[in-house]
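In the working numbering, the protein residues as written are 6 to 316. So the structure is just underneath, and the comments pick up after that.
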C-alpha cells in the first residue's frame with residue numbers, strides 16, 4: 006500500500022524533497038512531476054485527479070497538496086518546488102498579474118468570442134512571457150467568487166443583488182478566507198465597485214466559512230460558484246450586478262521543463278477538462294464537504310473511472 010504524504014500550511018512546513026513518490030516504478034531521469042494545490046477542497050480534488058491521470062500514463066508523480074493560498078502556490082511553481090498546480094483564470098489575472106478588471110472590461114472582444122476566452126488568452130500569454138509557465142486547457146466550470154446568504158435572510162430583506170446588499174452592509178458581518186481581506190478583487194473591490202463596507206469582517210480558513218454562517222456568526226459568506234454548500238445548505242448567490250469579478254475557469258499551470266520532460270503530460274491532463282462542468286465540480290465538492298465526507302482521492306478516482314479515463 007502506498008503511503009500518502011501531504012504538505013500543510015505552505016512550503017516551509019517541510020522540504021518538498023521529502024515528498025513521497027507515488028509511482029511504483031523508478032523515477033525517470035527527469036524526476037517526478039510534483040503536483041501542488043491550494044488549501045481547499047476543490048483544489049485537493051483536482052490535484053488528486055491530475056496525479057491519478059499522470060500515474061496511469063506512466064508518469065511518476067509526487068503530491069504536495071494543501072500548500073496554502075495563491076501567493077504560496079505560485080511562488081512554489083515559479084521557484085521549481087512544484088511542477089504544476091490548478092489555478093483560476095480570474096485569480097491569475099487580478100492577484101498574480103495584478104491586472105485591473107476594469108482594463109479587461111474595456112478591451113474589445115472579437116465577434117463570437119467571450120470575456121472568458123479573453124481572460125484565458127491574457128493570462129496564458131502573460132504567464133508564458135513573464136514566468137515561462139504554460140496554461141493547459143481551461144475547464145467549462147466557472148468558480149467565480151460570489152456573496153451568498155441564507156435563503157430566509159434573502160427573502161426577509163428582499164435582496165437578490167450585491168447592490169441591494171450594499172445598502173445594509175454596515176449592519177452585517179461577512180465571513181471570508183483571510184486573504185480575501187487584502188485582495189484587489191476582495192474587500193477593496195467591493196468598496197470600489199459597490200461602495201460597500203461591512204460592519205465586521207471575519208477572516209477564517211477557507212474550510213470553515215460555511216460553519217460560521219450556519220452558526221450565525223455572520224450573515225454573508227464569500228462563496229465560490231462550484232461550492233457544494235451553496236446547494237447543500239440552500240443558500241442564495243447574490244448577483245454581481247456591477248461586474249466586479251472576472252471569470253474563474255481552472256486549468257493546470259505547468260512548468261515548461263516538466264512539459265519538455267514528459268511531452269504526453271499536456272494531452273493526459275487536457276483529457277479531463279471538458280468533463281468538469283459547474284454541476285460536476287459542485288457535486289464532487291459536496292461529496293467531500295457534505296454528509297458523505299469522502300476523501301478527495303476517492304472522489305476523483307470514482308469520477309475518472311465513471312468517465313472512462315481511469316481503469
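Heads up, the beta-carbon is just placed ideally off N, CA and C, and yes, glycines get one too.
For residue 318: DSSP bridge partner residues:
Only positions 6 to 316 of the chain appear in this structure, which leaves residue 318 out of reach.
Distance between beta carbons of residue 252 and residue 120, contact taken as under 8 Å:
Separation of the CB atoms of residue 120 and residue 252 is rounded to 6 Å, and the pair is thereby assigned contact status at 8 Å.
In angstroms, rounded to a whole number, what distance separates the CA positions of residue 294 and residue 47?
Distance between the alpha carbons of residue 294 and residue 47 is about 10 Å.
If distances are taken between C-alpha atoms only, which option among 168, 215 and 171 comes closest to residue 155?
Cα-wise, what sits closest to residue 155 is 215.
Between residue 150 and residue 227, which are expected to be in contact by the criterion C-beta below 8 Å, what is the C-beta distance as a whole number of angstroms?
Sure, about 6 Å apart at Cβ, within 8 Å.
Please list, in chain order, all residues of the same chain as residue 302 whose beta carbon is under 6 Å from its beta carbon, the five residues on each side excluded.
Sequence-distant partners of residue 302 (beyond 5 residues in either direction) whose C-beta falls short of 6 Å from its own C-beta, in its chain, are 53.
Can you find the residues in the same chain that come closer than 7 Å, C-beta to C-beta, to residue 171, ignoring five residues on each side of it along the sequence?
199, 200 and 201.
What whole-angstrom Cβ distance do residue 91 and residue 279 have, given they're in contact under 8 Å?
In fact, because the Cβ distance is near 16 Å, the residues do not count as touching under 8 Å.
According to the Cβ coordinates, are residue 37 and residue 67 closer than 8 Å?
For residue 37 and residue 67, yes; Cβs fall inside 8 Å.
Within the segment 211–291, note down every full alpha helix (DSSP H) run reaching 4 residues or more, in order along the chain.
Listed in chain order, the complete alpha helix (DSSP H) runs (minimum 4 residues) inside the segment 211–291 are 214–219, 233–237, 261–266 and 270–275.
Would you say the segment 254–271 touches the segment 77–91, given that touching needs at least three Cβ pairs under 8 Å?
Note that the segment 254–271 touches the segment 77–91; at least 3 beta-carbon pairs, one per stretch, sit closer than 8 Å.
Tell me whether residue 163 sits in a helix, a strand or coil according to DSSP, three-state version.
Residue 163: coil per DSSP, three-state reduction.
According to DSSP, residue 151 sits in a beta bridge with which residue or residues?
Partner(s): 228.
Within the continuous alpha helix (DSSP H) that includes residue 59, where are the two ends?
For residue 59, the enclosing alpha helix (DSSP H) stretches over residues 46–61.
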